[in-house]
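Asks: Top to bottom, those sequences are chains X and W. Residue numbering for the first sequence follows this note's numbering, starting at 1 and increasing by one per position. Residue numbering for the second sequence follows this note's numbering, starting at 110 and increasing by one per position. Below is a structure I'd like to ask you about.
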Amino acid sequence: GIQVEQSPPDLILQEGANSTLRCNFSDSVNNLQWFHQNPWGQLINLFYIPSGTKQNGRLSATTVATERYSLLYISSSQTTDSGVYFCAGFQGGSEKLVFGKGTKLTVNP
Amino acid sequence: DTGVSQNPRHKITKRGQNVTFRCDPISEHNRLYWYRQTLGQGPEFLTYFQNEAQLEKSRLLSDRFSAERPKGSFSTLEIQRTEQGDSAMYLCASSPGTGVGNTIYFGEGSWLTVV
């Protein structure tokens, strides 16, 4: 079955709006990470968040490991936030990161 | 800290040719990973090194693919007898630490187009 599932697949926002991206993950996946892939393909690690809540500027993330989901919050979005956001987790205690299919975010000026 | 460096950034090759990609991880990161990403998909795991030892390999890594990390520093990924289905972005990543699960840092990727 699907190990890491992200929603929504696409999101279009007006600059300044807030958004929430969701990641559901199966029992075999843990130690969640959130990445942002910019239009040039660079994957930037946003958060390593196996559980709890972290904040970095306008971004914050919460993982509820017992309920197998994680949320990424983007506040006051900017056009530079555009790109694809991936969540990923390590599979079964191995070093294999399993990625979701991503949420494509477009922020319009 | 110069980040993970990958070369070449873009490669166009004819079907049947061999190609090699190089990855220089962040200094002193003992873990190095290779992933492959096709359009519209998330990255897929190919292989993982702890220092010079190749500890995990995906079944995606067919016998035409080989990866090495001879001195535990840089790594190479070679694809022999390329096929059109090999066209993708090949991503290298590194991480510090020894336990399971660490923050992973990706390079900018190497785009391969097989014509």
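We put the beta carbon where it would ideally sit given N, CA and C, even for glycine.
(1) Pull up the distance between the alpha-carbon of W:Q189 and that of W:E153, whole angstroms please.
(2) At 3 residues or longer, and completely inside the segment 121-183 of chain W: list those beta strand (DSSP E) runs for me, N to C.
(3) Tell me whether the beta-carbon of W:I213 lies closer than 8 Å to the beta-carbon of X:N45.
(4) Anyone know if the C-beta pair for X:A88 and X:Q33 falls short of 8 Å?
(5) How is the beta strand (DSSP E) around X:T53 delimited, first residue to last?
(6) Between the C-alpha atoms of X:G100 and W:Q146, what's the straight-line distance to the nearest angstrom?
(7) Does DSSP put X:D27 in a helix, in a strand, or in coil?
(8) Taking C-alpha atoms, which residue in W:T122, W:T111, W:V128 and W:G112 lies nearest to W:T185?
(9) Which class does W:E187 belong to by DSSP, given the choice of helix, strand or coil?
(10) Are the C-beta atoms of W:R140 and some chain X residue less than 8 Å apart?
(11) What does X:K101 reach in chain W if we use C-beta pairs closer than 7 Å?
(12) Alpha carbon to alpha carbon, what distance is there between W:Q126 and X:G57?
(13) Would X:N45 count as contacting chain W if we go by Cβ distances under 8 Å?
(14) Quick one, which residues of the segment 150-179 of chain W are near chain X if we go by CB-CB under 9 Å, in chain order?
(15) Rounded to the nearest angstrom, how far is the Cβ of W:V223 from that of W:S196, given a contact under 8 Å?
(16) At 9 Å on the CB atoms, spell out the chain W contacts of X:Q42, in chain order.
(17) Ends of the beta strand (DSSP E) at W:V223?
(18) List the endpoints of the continuous beta strand (DSSP E) containing X:E5.
(19) With DSSP run on the structure shown, which of helix, strand or coil describes X:G89?
(20) Tell me whether the beta-carbon of X:S28 lies closer than 8 Å to the beta-carbon of X:Q6.
(21) Which residues of the segment 56-76 of chain X have a Cβ closer than 9 Å to any Cβ of chain W? Give them in chain order.
(22) Taking all protein chains shown into account, decide if W:Q115 is buried (16 or more other Cβ within 10 angstroms of its Cβ) or exposed.
(23) Does the beta-carbon of W:G151 have 16 or more other beta-carbons within 10 angstroms, so that it is buried, or is it exposed?
Replies: In short, the structure shows the following:
(1) Answer to the nearest angstrom: the Cα atoms are 19 Å apart.
(2) 128-133, 140-146, 153-159, 162-166 and 174-177
(3) yes
(4) Yes. Within cutoff.
(5) G52 to N56
(6) Their Cα atoms are separated by approximately 12 Å.
(7) coil
(8) W:V128
(9) Strand, per DSSP.
(10) yes
(11) Q150 and G151
(12) Approximately 47 Å, taken between the alpha carbons.
(13) yes
(14) Q150, G151, P152, E153, F154, Y157, Q159, L164, E165 and S167
(15) 5 Å
(16) F215, G216, E217 and G218
(17) S219 to V223
(18) Boundaries of the beta strand (DSSP E) around X:E5: V4 to S7.
(19) The three-state secondary structure of X:G89, taken from DSSP, is strand.
(20) no
(21) none
(22) buried
(23) Classified as buried, W:G151 has 16 or more neighbouring CB atoms from the shown chains inside 10 Å of its CB.
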